[in-house]
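Numbering (this note's numbering), first residue to last: 236 to 328.
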């Protein structure tokens, strides 16, 4: 999902209407910034994901295998890093 919501069209009329309003758009950008700096930093997300991955590993490994599970966790961590970069780029605009 794009952060600028440029891809939100007629199928999402309320979202489009709100983001086209300068006041609501500014609030949206402010919330994105706040969440990205306070809650969903790559460091915090990685720590949380790794802690949860450790808890789930014994059970998931039985289903899909330890190696495949480890790869999935790495893909999640890569996505977090990629998304953080996209957020930073969006906020710099």
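Just so you know, even glycine gets a beta-carbon here, dropped at the ideal spot from N, CA and C.
Since the model is a prediction, treat every value here as computed from it, not as a measurement.
Item, Value
"Residue 312 versus residue 284: straight-line alpha-carbon distance, rounded", "8 angstroms"
"Under the three-state DSSP convention, the category residue 240 falls into", "coil"
"Proximity below 8 angstroms, CB of residue 243 to CB of residue 322", "no"
"Contact under 8 angstroms by Cβ, residue 277 with residue 316", "yes"
"Residue 328 (DSSP reduced to helix, strand or coil)", "coil"
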